[in-house]
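Visitor:
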Amino acid sequence: QVGCLSTLVVWVISWSVLTAHTTCTSQTSWTLTNGNASVEVSGTVPGGVYSDLLLADVLTGGDLYYRYNDLDYRWVAEENWTYTSLITGDAALLGHERVALIFEGLDTAARVLVNDEVVGTSDNMFVRYIYDVKQHLKESEDNTLQVEFESPVEYAARQYEAQAADYVVPPTCVDPASKGVCHANHIRKMQASFSWDWGPAFPNLGIWKEWHLTGWNTLLVSDVFFSAVPGTSLPSVPDHDLKPSWIVTVKVWCDAAVESGYIAGNVSITLANIYTQHQFINVTVKDYEAQMTFTFTTDEGQVEMWWPNGYGSQPLYDITV
């Protein structure tokens, strides 16, 4: 059935809900400096150190992939780098129950400081970080935000040494022909950035996804998971006239403004012009997190099937929570 089995595909268009009690800001002016302050350039967020240095003509050898630039630019990954900006803490923001910095992606080992105080750390490129900052912010426009990144090369080497004191986790390095960097398996970072048999080593650093300074009083939607299974068995032979019903599950993850207890409110779920649900809920909060699960069934004939290229169309449906 590979290549001909049809599937319902829904495009999740909205996974963060900003209501009247939520304030979100995102500063765009950043400065990038290295560990000894011998390099200072404008920083780009989202982005990375290599692209910022290339744009500022600090890397003068041209494109990253030109000739041996992976080796000539290796010093970048061997240094520590800091992104610095200013953020505003006004009365409206600080009046919320919870105020936090939310980073969708930090690459990789870093400390986050607000007004020279550490508010959190990161060691995983692939996860979302949330740092409470209400007690660290001033009611001012010049709160300093710094994200101090440690050299991924040095960090990985240190993690390897700590692990090797117990037992060695192979491989200890990439194949010499790759001319890469060792110990990628000791850092939660894109492994190919330390080189692979098909590509050079550019172990980047930076704020590689969006970030927000957010204040809220109840729940803030952080993620939405959607799944659907057909209400009837699909035929073994593709049928373009088939429009079955679907049993839909929507899971909603939220960051709560309180550590534990219950929060009541209204939730709306809309699937294109097919289905709308409004529901009053009372959610249990534990460790500043809450999860909700909703199920509903679409009627036959409402949803077009999604087909592989050459077998039919690929309709998408917006879902909003």
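When we follow this note's numbering, the leftmost residue of the sequence shown carries the number 27, and every step to the right adds one.
We put the beta carbon where it would ideally sit given N, CA and C, even for glycine.
Roughly how many angstroms separate the alpha carbons of Leu-342 and Thr-258, rounded to a whole number?
Guide: Stepping through the sequence shown from its first residue, residue 342 is reached at position 316. Stepping through the sequence shown from its first residue, residue 258 is reached at position 232. Going by the C-alpha atoms only, they are around 21 Å apart.
Visitor: Between Leu-97, Tyr-109, Ala-283, Pro-264, which has its C-alpha nearest Glu-176's C-alpha?
Guide: For the purposes of this step, residue 176 is taken as residue 150 along the sequence shown, with counting starting at 1. Of the listed residues, the one whose Cα sits closest to Glu-176 is Tyr-109.
Visitor: Are there 16 or more other CB atoms within 10 angstroms of the CB of Thr-244, so buried, or fewer, so exposed?
Guide: Here residue 244 corresponds to residue number 218 of the sequence shown, with the count starting at 1. Buried: at least 16 other Cβ atoms inside 10 Å.
Visitor: Can you tell which of Ala-283, Ile-213, Ser-221 has its C-alpha closest to the C-alpha of Pro-202?
Guide: For the purposes of this step, residue 202 is identified with residue 176 of the sequence shown, where counting begins at 1. Of Ala-283, Ile-213, Ser-221, the residue nearest in Cα terms is Ser-221.
Visitor: Between Trp-272 and Thr-324, is the Cβ-Cβ spacing less than 8 Å?
Guide: Reading the sequence shown from its first residue, position 246 is the one you call residue 272. Reading the sequence shown from its first residue, position 298 is the one you call residue 324. Yes, the pair counts as a contact, with Cβ atoms nearer than the cut-off.
Visitor: When DSSP labels each residue in this structure, what does Trp-237 get in the three-state scheme?
Guide: Translated into the one-based positions of the sequence shown, residue 237 becomes position 211. Here Trp-237 sits in strand by DSSP.
Visitor: Please list, in chain order, all residues of the same chain as Arg-137 whose beta carbon is under 7 Å from its beta carbon, the five residues on each side excluded.
Guide: Residue mapping note: residue 137 aligns to position 111 of the sequence shown, counting from 1. Within the same chain, Arg-137 has close Cβ partners Val-144, Thr-147, Glu-174.
Visitor: Flag this pair as yes or no: are the beta carbons of Glu-105 and Asn-60 separated by less than 8 Å?
Guide: Here residue 105 is taken as the residue at index 79 of the sequence shown, counted from 1. Here residue 60 is taken as the residue at index 34 of the sequence shown, counted from 1. Yes, these two residues count as a Cβ contact at 8 Å.
Visitor: Quick one: what's got a C-beta closer than 6 Å to Thr-296's C-beta in the same chain, skipping five residues either side?
Guide: The count along the sequence shown starts at 1 and reaches residue 296 at position 270. Sequence-distant partners of Thr-296 (beyond 5 residues in either direction) whose C-beta falls short of 6 Å from its own C-beta, in its chain, are Thr-302, Thr-346.
Visitor: Could you tell me the distance, in whole angstroms, from the CA atom of Ile-307 to the CA atom of Ser-286?
Guide: Here residue 307 is taken as the residue at index 281 of the sequence shown, counted from 1. Here residue 286 is taken as the residue at index 260 of the sequence shown, counted from 1. Between Ile-307 and Ser-286, the C-alpha separation is close to 16 Å.
Visitor: How big is the Cα-Cα spacing for Tyr-91 and Pro-226?
Guide: Here the question's residue 91 lines up with position 65 in the sequence shown. Here the question's residue 226 lines up with position 200 in the sequence shown. In a straight line, the C-alpha of Tyr-91 is about 8 Å away from that of Pro-226.
Visitor: Do the segment 152-168 and the segment 127-135 touch if we need at least three Cβ pairs shorter than 8 Å?
Guide: yes
Visitor: For Glu-330, which residues of its own chain have a beta-carbon under 8 Å away from its beta-carbon, when the five flanking residues on both sides are left out?
Guide: In the sequence shown, counting from the first residue as 1, residue 330 sits at position 304. So the list reads Lys-269, Ser-339, Pro-341, once near-sequence residues are dropped.
Visitor: For the alpha helix (DSSP H) holding Leu-81, just list the boundary residues, first then last.
Guide: Taking the first residue of the sequence shown as 1, we reach residue 81 at position 55. Element bounds for Leu-81: 75-81.
Visitor: Which runs of the beta strand (DSSP E) fall wholly inside the segment 111-168 and span at least 3 residues, in chain order?
Guide: 124-129, 136-140, 143-148, 155-158
Visitor: Would you report the Cα separation of Pro-229 and Gln-185, rounded to the nearest angstrom?
Guide: Within the sequence shown, residue 229 is the residue found at index 203, counting from 1. Within the sequence shown, residue 185 is the residue found at index 159, counting from 1. In a straight line, the C-alpha of Pro-229 is about 16 Å away from that of Gln-185.
Visitor: Would Val-195 pass as a contact of Asn-169 if the rule is Cβ separation under 8 Å?
Guide: Position 169 of the sequence shown, counted from the first residue, corresponds to residue 195. Position 143 of the sequence shown, counted from the first residue, corresponds to residue 169. It is not a contact, given that the beta carbons lie outside the stated cut-off.
Visitor: State the DSSP-derived secondary structure class of Asp-96, mapped to helix, strand or coil.
Guide: Locating residue 96 in the sequence shown gives position 70, where the first residue counts as 1. Helix.
Visitor: With DSSP as the reference, please indicate the residues paired to Leu-245 in a beta bridge.
Guide: The residue labelled residue 245 in the question sits at position 219 within the sequence shown. Bridge partners of Leu-245: Ala-282.
Visitor: With distances taken Cα to Cα, identify the nearest neighbour of Ala-282 among Asp-249, Ala-290, Ala-316.
Guide: Position 256 of the sequence shown, counting from 1, holds the residue named residue 282. Distance check between Ala-282 and each of Asp-249, Ala-290, Ala-316 places Ala-316 closest, using alpha-carbon atoms only.
Visitor: In three-state DSSP terms, what is Asn-211?
Guide: In the sequence shown, the residue the question calls residue 211 occupies position 185. Helix, per DSSP.
Visitor: Taking all protein chains shown into account, decide if Lys-2 is buried (16 or more other Cβ within 10 angstroms of its Cβ) or exposed.
Guide: Outside the displayed span of the chain (27 to 347) sits residue 2, for which this structure offers no information.
Visitor: Bridge partners for Met-318 per DSSP, in chain order?
Guide: The residue given as residue 318 occupies position 292 in the sequence shown. DSSP output for Met-318 lists Val-278 as bridge partner(s).
Visitor: Could you give the uninterrupted runs of the alpha helix (DSSP H) lying entirely in the segment 172-200, keeping only those of 4 residues or more?
Guide: 178-190
Visitor: Only counting the same chain, and skipping five residues up and downstream in sequence, which positions put a Cβ closer than 7 Å to that of Ser-204?
Guide: Looking up residue 204 in the sequence shown gives position 178. Excluding positions up to five away in sequence, the list reads Ser-221, Trp-222, Asp-223.
Visitor: Let me know the secondary structure DSSP gives Ala-203 once reduced to three states.
Guide: Residue numbering aside, residue 203 sits at position 177 when the sequence shown is read from its first letter. In the three-state scheme derived from DSSP, where H, G and I count as helix and E and B as strand, Ala-203 is classed as helix.
Visitor: Return the chain-ordered list of same chain residues with a C-beta closer than 6 Å to the C-beta of Gln-305, the five sequence neighbours on each side being excluded.
Guide: Counting from one through the sequence shown, the residue named residue 305 turns up at place 279. If we look at Gln-305 and ignore the five residues flanking it on each side, its Cβ neighbours are Val-293.
Visitor: Can you give me the Cβ contacts of His-266 inside the same chain, cut-off strictly under 7 Å, excluding the 5 residues immediately before and after it?
Guide: Here residue 266 refers to the residue found at position 240 when the sequence shown is read from its first residue. Taken in chain order, the residues that qualify are Gly-338.
Visitor: In angstroms, rounded to a whole number, what distance separates the CA positions of Gly-241 and Asp-116?
Guide: In the sequence shown, residue 241 corresponds to position 215, counting from 1. In the sequence shown, residue 116 corresponds to position 90, counting from 1. Rounded to the nearest angstrom, the two C-alpha atoms are 11 Å apart.
Visitor: Please classify Ala-218: does DSSP put it in a helix, a strand, or coil?
Guide: As a working mapping, residue 218 is identified with position 192 in the sequence shown. Three-state result, Ala-218: helix.
Visitor: Given this structure, state the Cα-to-Cα distance separating Glu-180 from Ile-213, to the nearest angstrom.
Guide: Working through the sequence shown from its first residue, we reach residue 180 at position 154. Working through the sequence shown from its first residue, we reach residue 213 at position 187. Roughly 10 Å separates the two Cα atoms.
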